[in-house]
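Student: Residues 1 to 654 in the numbering used here are what the sequence shown lists, from first letter to last.
Ideal Cβ positions, reconstructed from N, Cα and C, are used throughout, including at glycine.
One structure follows; several queries about it will come next.
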Amino acid sequence: MPESAAWLILFLPLASFLVISLVIRPSAGPRAPVAAVITILAVGLSFLLSLWALGGTISGEGIVEFADHTWLEVGEFTLSVGILLDPLTAIMLVVVTGVSLMVQIYSVGYMRGDPGYARYFAYMSLFTTAMLGLVLASNVIQIFVFWELVGLGSFLLIGFWFNRPAAAAAAKKAFIITRFADFGFLLGILYLFFNRGTFAAAGLDPFVVNDIYEAVETGIIGPGVTTWIALGIFAGAIGKSAQFPLHTWLPDAMEGPTPVSALIHAATMVAAGVFLVARFFPVFEHSVTAMNTVAIIGGFTAIFAASMGLVMNDIKRVLAYSTISQLGFMMLALGVGAYGAAIFHLFTHAFFKALLFLGSGSVSHATGTFDMRYMGGLRKVMPWTYATFLIGSLSLAGIFPLAGFWSKDEILSHAFGKGDVVSTVVFWLALIAVFMTAFYMFRALFMTFEGEFKGGAEADPDAEAHGGVHLAESPFMMVLPLVILAVPSVIMGFLVNPLTDLGVAPIHWLTNFFDQNPAVQVEVEGFNVTLALVSSAVALAGITLAFLMYKVRVISPEGVGRNLQAIYQLLYRKYYMDELYEDVIVRRIFYGGMSRAFDWADRSIVDKIARGSGSFGAWVGEPLRQLQTGQLQSYALAISVGILAIFGIFLFAR
Numbered sequence: 001m002p003e004s005a006a007w008l009i010l011f012l013p014l015a016s017f018l019v020i021s022l023v024i025r026p027s028a029g030p031r032a033p034v035a036a037v038i039t040i041l042a043v044g045l046s047f048l049l050s051l052w053a054l055g056g057t058i059s060g061e062g063i064v065e066f067a068d069h070t071w072l073e074v075g076e077f078t079l080s081v082g083i084l085l086d087p088l089t090a091i092m093l094v095v096v097t098g099v100s101l102m103v104q105i106y107s108v109g110y111m112r113g114d115p116g117y118a119r120y121f122a123y124m125s126l127f128t129t130a131m132l133g134l135v136l137a138s139n140v141i142q143i144f145v146f147w148e149l150v151g152l153g154s155f156l157l158i159g160f161w162f163n164r165p166a167a168a169a170a171a172k173k174a175f176i177i178t179r180f181a182d183f184g185f186l187l188g189i190l191y192l193f194f195n196r197g198t199f200a201a202a203g204l205d206p207f208v209v210n211d212i213y214e215a216v217e218t219g220i221i222g223p224g225v226t227t228w229i230a231l232g233i234f235a236g237a238i239g240k241s242a243q244f245p246l247h248t249w250l251p252d253a254m255e256g257p258t259p260v261s262a263l264i265h266a267a268t269m270v271a272a273g274v275f276l277v278a279r280f281f282p283v284f285e286h287s288v289t290a291m292n293t294v295a296i297i298g299g300f301t302a303i304f305a306a307s308m309g310l311v312m313n314d315i316k317r318v319l320a321y322s323t324i325s326q327l328g329f330m331m332l333a334l335g336v337g338a339y340g341a342a343i344f345h346l347f348t349h350a351f352f353k354a355l356l357f358l359g360s361g362s363v364s365h366a367t368g369t370f371d372m373r374y375m376g377g378l379r380k381v382m383p384w385t386y387a388t389f390l391i392g393s394l395s396l397a398g399i400f401p402l403a404g405f406w407s408k409d410e411i412l413s414h415a416f417g418k419g420d421v422v423s424t425v426v427f428w429l430a431l432i433a434v435f436m437t438a439f440y441m442f443r444a445l446f447m448t449f450e451g452e453f454k455g456g457a458e459a460d461p462d463a464e465a466h467g468g469v470h471l472a473e474s475p476f477m478m479v480l481p482l483v484i485l486a487v488p489s490v491i492m493g494f495l496v497n498p499l500t501d502l503g504v505a506p507i508h509w510l511t512n513f514f515d516q517n518p519a520v521q522v523e524v525e526g527f528n529v530t531l532a533l534v535s536s537a538v539a540l541a542g543i544t545l546a547f548l549m550y551k552v553r554v555i556s557p558e559g560v561g562r563n564l565q566a567i568y569q570l571l572y573r574k575y576y577m578d579e580l581y582e583d584v585i586v587r588r589i590f591y592g593g594m595s596r597a598f599d600w601a602d603r604s605i606v607d608k609i610a611r612g613s614g615s616f617g618a619w620v621g622e623p624l625r626q627l628q629t630g631q632l633q634s635y636a637l638a639i640s641v642g643i644l645a646i647f648g649i650f651l652f653a654r
């Protein structure tokens, strides 16, 4: 693949953003639908080029070499930009452009009639550009620039309906929390900068990704520096991938349009954190502290987020907590060294999670609400949406032979087979999360599609912003992406990870592909039949419990809620994390403590110094002011006296 074609993957969506922003939007009105056509064409061409890049990477045995280009020179500092086209990049390009293309097509039907139609597609083009730039970057500063641009794109899209206070607040919340985490990423880059002399002595650039790999592998930088660099990078990943404790922004991000949620949650912003850790996996591998930190936070996040998904009534928030939990699975996989399994799960998760989010938008389009308590009975009127949502739910729950089964099982196999204390702990956390995932997904399925219809927006007092009730299957442009995404959600796992024999290790094409990168050591676990049966049984138990509670109602959900009222409130209030951050840390500690201390220092110290300086000047100036009489003869007399005094001093000194 020529380098110019690789750059086109990035520049096509960027060109779409510029054309829509500068040409289409000023005219608006009848020309607004052209914005959708331009975006779909640009992303579609990027998808085709991404397939070419994947093929070129495979035929190039893992890495396609491109030279870096000098962008900026300041003294001894040189900033270069370039493309790193390795197996990780190639897979991520296909995921990002493929899912983005489906979301753009879906948006044509979902956003029809919105006054910000052209602006929406401009933002989507910018957001896709930022993610592609992040994936393609060969330089850590280049990565950081696009990393921040991803944050800007998410801010614009989450707050797309800026006239709604909740959307504006959610956008600010996402922006602030992720910026807080990005400070850690910046510290990691500064560690590289301060150790640039060590790199330069070995002829390496401290910001080029492959040079960082070499420096770590050859021991040019010590274990302590490696650990701090890895932890700084992981801090940034915690924010973007909504890991505990910086997860609170992601559920609120549901205030944006549903296609935005699908893109953010499936293949772009939240996947960026996992990608970042995977990109610098050779650095993490050389730090036991960093690896254990990633595994523990990932494992805890998986079960922590899943527990909150058990009680949510907003279908998009259920999926949001599901995303946080699945990102935890990916992080714990990276933490236990299962690089291939982590990216495999990112790959399969992108398809079925995009399918589920777009499915939630489809049911909202029909009912006018996202609250599942006012849905029900949609299976009969929305058969295509129901069938595809069922496929996505089964895949997310990890039911054989759907895609999620293979990637989830591989993560569990790695964690179980590792044998150390940390891996054992996160394995059990993940297994419990498997049960919770199956339960809350089929709880959502039964509440939404089974039983009798409960009124939709007409019965929901908070649904006036979402439109009226139109009980019918969604338009073709919304159903088509659902059907297309359902196909990889069923077969992709088996195509990537086929089995010749249940007792033999899998022919894992994806993991073997990653193993072609010499900088990354990829482990392949054999297919563990016993573990697969156990995890499947756990998932089926969760589905069965949801069936008993929300389908046949042998077990009363209301009765369970009353008996476990304290636990229910804890989960429903999201462990009071928002109250902790907003009421305690921000209002009491920051505003109530630090801000008052700064205010006292400003008034009692800074202002007094300023007033004292003025008073001193006035005190000194008062006697001097008496000499300024305005009489010329007085000035002449003073000059004469001064001359005589100088003359006298001269004679005396001589």
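Look at the alpha carbon of M254 and the alpha carbon of F284, and state the distance between them as a whole number of angstroms.
Tutor: Here residue 254 refers to the residue found at position 254 when the sequence shown is read from its first residue. Here residue 284 refers to the residue found at position 284 when the sequence shown is read from its first residue. Distance between the alpha carbons of M254 and F284: 32 Å.
Student: Round the Cβ separation of W249 and I297 to the nearest angstrom and send it over; I've been treating them as touching at under 8 Å.
Tutor: The sequence position of residue 249 within the sequence shown is 249, counting from 1. The sequence position of residue 297 within the sequence shown is 297, counting from 1. Between I297 and W249 the Cβ distance is about 16 Å, and since that is not below 8 Å, they are no contact.
Student: Counting only beta-carbon atoms, is G273 nearer than 7 Å to chain B?
Tutor: In summary, chain B is missing from the structure at hand, where a single protein chain is found.
Student: Helix, strand or coil for V522 per DSSP?
Tutor: Within the sequence shown, the letter at position 522 stands for residue 522. The answer is coil: DSSP assigns V522 none of H, G, I, E or B.
Student: Check for me: the alpha helix (DSSP H) holding S80 runs from which residue to which?
Tutor: Here residue 80 refers to the residue found at position 80 of the sequence shown. First-last for S80: F77 to V81, but that is the beta strand (DSSP E), not the alpha helix (DSSP H).
Student: Determine which residues share a DSSP beta bridge with D314 and list them.
Tutor: For the purposes of this step, residue 314 is identified with residue 314 of the sequence shown, where counting begins at 1. D314 is bridged to D371.
Student: Rounded to whole angstroms, what's the CA-CA distance from L533 to S138? Just pull it up for me.
Tutor: By one-based count along the sequence shown, residue 533 stands at place 533. By one-based count along the sequence shown, residue 138 stands at place 138. Going by the C-alpha atoms only, they are around 42 Å apart.
Student: With DSSP as the reference, label E73 as helix, strand or coil.
Tutor: Residue 73 sits at position 73 when you count from the first residue of the sequence shown. In this structure, E73 counts as strand in the three-state DSSP scheme.
Student: Buried or exposed: M594, going by 16 or more other Cβ atoms within 10 Å of its Cβ?
Tutor: On the sequence shown, residue 594 is found 594 positions in, with the first residue counted as 1. It counts as exposed.
Student: Taking the alpha helix (DSSP H) that R179 belongs to, which residues open and close that run?
Tutor: The residue given as residue 179 occupies position 179 in the sequence shown. Unbroken alpha helix (DSSP H) run through R179: P165 to F194.
Student: Check whether the segment 354-365 and the segment 97-112 touch, using three or more Cβ-Cβ pairs below 8 Å as the test.
Tutor: Because the criterion of three Cβ pairs below 8 Å is met, the segment 354-365 and the segment 97-112 touch.
Student: Measuring only the C-alpha atoms, how far is I24 from L156?
Tutor: Position 24 of the sequence shown, counting from 1, holds the residue named residue 24. Position 156 of the sequence shown, counting from 1, holds the residue named residue 156. Rounded to whole angstroms, I24 to L156 spans 18 Å at the Cα level.
Student: Have a look at P245, G219 and S46 and flag the residue whose alpha-carbon is nearest the alpha-carbon of D578.
Tutor: Along the sequence shown, one-based indexing puts residue 578 at 578. Looking at the Cα atoms, P245 is the closest of the given residues.
Student: To the nearest angstrom, how far is it from the Cα of F17 to the Cα of V260?
Tutor: Within the sequence shown, the letter at position 17 stands for residue 17. Within the sequence shown, the letter at position 260 stands for residue 260. So the two alpha carbons sit approximately 16 Å from each other.
Student: From F449 to V554, what distance separates their C-alpha atoms?
Tutor: Within the sequence shown, the letter at position 449 stands for residue 449. Within the sequence shown, the letter at position 554 stands for residue 554. The alpha-carbon atoms of F449 and V554 are separated by roughly 18 Å.
Student: So, using beta-carbon positions, are T323 and M492 closer together than 7 Å?
Tutor: Looking up residue 323 in the sequence shown gives position 323. Looking up residue 492 in the sequence shown gives position 492. For T323 and M492, no; Cβs fall outside 7 Å.
Student: In this structure, how does DSSP classify V538 when only helix, strand and coil are distinguished?
Tutor: Counting from 1 along the sequence shown, the entry for residue 538 is found at position 538. Three-state result, V538: helix.
Student: Tell whether a beta-carbon distance below 7 Å holds between Y321 and A305.
Tutor: Start at 1 with the first residue of the sequence shown, and residue 321 comes out as number 321. Start at 1 with the first residue of the sequence shown, and residue 305 comes out as number 305. In this structure, A305 lies closer than 7 Å to Y321 by Cβ.
Student: So, does the segment 408-417 touch the segment 381-391, judging by three or more C-beta pairs under 8 Å?
Tutor: Contact between the segment 408-417 and the segment 381-391 is absent, because fewer than three Cβ pairs lie under 8 Å.
Student: Here's the rule: buried if 16 or more other CB atoms are within 10 angstroms of the residue's CB, otherwise exposed. What is L485?
Tutor: Stepping through the sequence shown from its first residue, residue 485 is reached at position 485. Buried, by the Cβ-count rule.
Student: Could you check where the alpha helix (DSSP H) with V108 kicks off and where it finishes?
Tutor: Taking the first residue of the sequence shown as position 1, residue 108 is located at position 108. P87 to Y110 is the span of the alpha helix (DSSP H), which, as asked, contains V108.
Student: Return the chain-ordered list of same chain residues with a C-beta closer than 7 Å to the C-beta of A433, the five sequence neighbours on each side being excluded.
Tutor: Locating residue 433 in the sequence shown gives position 433, where the first residue counts as 1. The answer, listed in chain order, is A302, I303, A306 and S325.
Student: From the DSSP output, in three-state form, read off N512 for me.
Tutor: Here residue 512 refers to the residue found at position 512 of the sequence shown. Correct three-state label for N512: helix.
Student: Would you say the segment 84-94 touches the segment 126-136, given that touching needs at least three Cβ pairs under 8 Å?
Tutor: Touching, yes, given that three or more Cβ pairs across the two stretches are closer than 8 Å.
Student: Give me the Cα-Cα distance between M478 and P257, rounded to the nearest whole angstrom.
Tutor: Residue 478 sits at position 478 when you count from the first residue of the sequence shown. Residue 257 sits at position 257 when you count from the first residue of the sequence shown. Using only the alpha carbons, I get a separation of about 14 Å.
Student: Near L471, what residues of its chain come up, given a Cβ to Cβ distance below 6 Å and the 5 sequence neighbours on each side ignored?
Tutor: For the purposes of this step, residue 471 is identified with residue 471 of the sequence shown, where counting begins at 1. Excluding sequence neighbours, L471 sits near A366 and V381.
Student: Would you give the residue range spanned by the alpha helix (DSSP H) that P259 belongs to?
Tutor: One-based indexing of the sequence shown puts residue 259 at position 259. Looking at the DSSP string, the run of the alpha helix (DSSP H) that includes P259 is T258 to A266.
Student: Using the C-alpha atoms, what's the distance from Q516 back to M276?
Tutor: Position 276 of the sequence shown, counting from 1, holds the residue named residue 276. Position 516 of the sequence shown, counting from 1, holds the residue named residue 516. It should be noted that the sequence gives Leu, not Met, for residue 276. Going from the Cα of L276 to the Cα of Q516 covers about 19 Å.
Student: Just confirm the distance between the C-beta atoms of G299 and I233, as a whole number of angstroms; I'd bet it's less than 8 Å.
Tutor: Translated into positions along the sequence shown, residue 299 becomes position 299. Translated into positions along the sequence shown, residue 233 becomes position 233. That pair is no contact at about 19 Å.
Student: For D501, which residues of its own chain have a beta-carbon under 7 Å away from its beta-carbon, when the five flanking residues on both sides are left out?
Tutor: For this step, residue 501 is matched to residue 501 along the sequence shown. Any reading at D501 must be qualified, since the residue scores a pLDDT of 45, below 50, and its modelled position is unreliable; no value is offered.
Student: Apply the 10 Å Cβ neighbour rule to N497 and answer buried if 16 or more other Cβ atoms are within range, or exposed otherwise.
Tutor: In the sequence shown, residue 497 corresponds to position 497, counting from 1. With 16 or more Cβ atoms within 10 Å of its Cβ, N497 is classed as buried.
Student: Tell me the DSSP secondary structure of A137 in three-state form.
Tutor: Start at 1 with the first residue of the sequence shown, and residue 137 comes out as number 137. A137 falls in the strand class under three-state DSSP.
Student: For T78, is the classification buried or exposed, using 16 other Cβ atoms within 10 angstroms of its Cβ as the cut-off for buried?
Tutor: By 1-based counting over the sequence shown, the position of residue 78 is 78. Exposed, because fewer than 16 other Cβ atoms sit within 10 Å of the Cβ of T78.
Student: Could you give the DSSP three-state label for V277: helix, strand or coil?
Tutor: In the sequence shown, residue 277 corresponds to position 277, counting from 1. Here V277 sits in helix by DSSP.
Student: Where do the ends of the alpha helix (DSSP H) carrying I229 lie?
Tutor: Sequence index remark: in the sequence shown, residue 229 carries index 229 (1-based). Counting along the chain, the alpha helix (DSSP H) containing I229 begins and ends at P223 to K240.
Student: For S4 and P481, I'd like the C-alpha separation in whole angstroms.
Tutor: Translated into the one-based positions of the sequence shown, residue 4 becomes position 4. Translated into the one-based positions of the sequence shown, residue 481 becomes position 481. Straight-line Cα distance between these residues: approximately 30 Å.
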